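Chains as they are written, first to last, in the numbering used here: chain A, 30 to 193; chain B, 11 to 167.
Shown next as structure tokens:
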């Protein structure tokens with residue numbers, strides 16, 4: 030089983046889409062989570078282009094203006110998804126791995142920069158995760174936050190804060 | 011690059027798939043690396059340290075472990091120190107094993123030869139008090155080495 034998460038920084042360009050295509054064909058993930066698609070709409074054609082013509086499905090959250098945007102794509106031969114939920118900065122799918130029949134929840138996150146908004150997101154996530162505490166849950170994505178100062182290594186002098 | 015992308019897993023997820031491995035892949039046009047979380051059913055992690063049950067029965071083993079363990083002086087946080095000490099211990103035990111628990115059959119043969127020498131001398135009536143003590147020690151030693159050998163073959167079978 031393999032999951033891939035990537036902040037693509039925009040899927041508008043053909044080159045970026047090709048990169049995703051390459052990633053999928055090389056790694057063959059069961060599920061691919063993308064952050065910052067910067068797209069208002071993700072459609073069948075886009076997903077076919079990126080995933081290839083093997084069986085797949087997807088769920089997305091629109092960008093807000095030109096920022097944000099989440100996309101989850103999955104291999105429908107390996108993963109069955111029966112519910113998806115979209116909330117500020119989070120896209121959630123609930124389903125199971127077909128081979129092992131194991132149910133799971135997957136959260137795809139793109140956290141905002143602003144501390145206040147981030148704190149709100151953490152609060153909302155805590156409540157949700159508390160409710161799911163006996164479930165198999167994977168939360169992935171761009172948290173825009175480091176857990177320890179050693180994790181900060183910025184080329185530009187960072188905007189990241191230690192607050193997970 | 012800062013580590014702001016990650017996979018967080020719930021306790022139940024980790025119990026179901028204990029071999030989850032997170033790696034960063036090469037980045038291209040984006041300034042973030044893709045992260046891959048894989049569960050490799052074949053990957054059981056590093057080889058576990060094995061000990062032979064019979065070591066504990068052998069004289070000097072417990073003392074050896076105790077002294078070695080206290081002789082490793084390492085700095086760092088607890089988890090790191092423990093891991094490094096276990097690594098060093100593994101090496102030390104490998105050496106101890108090759109000196110004490112290897113070639114058991116060879117050792118038994120040497121003792122058997124000596125035993126037969128003493129037996130022959132005994133038939134000629136020429137055993138000193140020292141010889142008699144040695145005779146009983148050898149019998150005892152052969153017995154414990156046989157136990158060790160049986161234990162090793164049982165554990166390795």
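We treat Cβ as the ideally placed atom computed from N, Cα and C, and that holds for glycine.
These numbers were taken from a predicted model, which means no experiment stands behind them.
Can you tell me which of the options puts its alpha carbon nearest to the alpha carbon of residue i?
i: residue 160 of chain B; options: B:98, B:97, B:114; result: B:114
i: residue 119 of chain A; options: A:107, A:134, A:139; result: A:139
i: residue 116 of chain A; options: A:178, A:154, A:49; result: A:154
i: residue 52 of chain A; options: B:12, B:45, B:72, B:26; result: B:45
i: residue 37 of chain B; options: A:125, A:33, A:72; result: A:33
i: residue 148 of chain B; options: B:134, B:125, B:25; result: B:125
i: residue 127 of chain A; options: A:144, A:105, A:134; result: A:105
Can you confirm whether residue i, when its beta carbon is compared against all beta carbons of chain A, has any partner nearer than 9 angstroms?
i: residue 14 of chain B; result: yes
i: residue 23 of chain B; result: yes
i: residue 85 of chain B; result: no
Answer yes or no: does any C-beta atom of chain B fall closer than 9 angstroms to that of residue i?
i: residue 104 of chain A; result: no
i: residue 26 of chain A; result: An answer regarding residue 26 of chain A cannot be provided, because it is not within the stretch 30 to 193 covered by chain A.
i: residue 45 of chain A; result: yes
i: residue 108 of chain A; result: no
i: residue 174 of chain A; result: yes
i: residue 189 of chain A; result: Confidence is the limiting factor: at residue 189 of chain A the pLDDT is only 46, short of 50, which leaves the residue's position unreliable and the question unanswerable from this model.
i: residue 42 of chain A; result: yes
i: residue 156 of chain A; result: no
For residue i and residue j, what's the separation of their Cα atoms in angstroms?
i: residue 29 of chain B; j: residue 173 of chain A; result: 26 angstroms
i: residue 43 of chain B; j: residue 37 of chain A; result: 9 angstroms
i: residue 15 of chain B; j: residue 64 of chain B; result: 49 angstroms
i: residue 56 of chain A; j: residue 47 of chain A; result: 14 angstroms
i: residue 163 of chain A; j: residue 30 of chain A; result: 21 angstroms
i: residue 146 of chain A; j: residue 152 of chain A; result: 10 angstroms
i: residue 41 of chain A; j: residue 150 of chain A; result: 27 angstroms
i: residue 164 of chain B; j: residue 62 of chain B; result: 10 angstroms
i: residue 121 of chain A; j: residue 35 of chain A; result: 16 angstroms
i: residue 144 of chain B; j: residue 157 of chain B; result: 20 angstroms
i: residue 133 of chain A; j: residue 22 of chain B; result: 10 angstroms
field: Inside the region 37 to 109 of chain B only - alpha helix (DSSP H) runs reaching at least 4 residues
entry: 71 to 81
task: State whether the region 59 to 68 of chain A contacts the region 87 to 98 of chain A, with contact taken as three or more CB pairs (one from each stretch) at a distance under 8 angstroms.
output: yes
query: What beta strand (DSSP E) runs, 3 residues minimum, are completely inside the region 42 to 85 of chain A?
result: For the region 42 to 85 of chain A, the full-length beta strand (DSSP E) segments reaching 3 residues or more read 60 to 64 along the chain.
query: At which residue ranges does the region 140 to 185 of chain A contain complete alpha helix (DSSP H) runs of 4 or more residues, listed in the order of the chain?
result: 144 to 160
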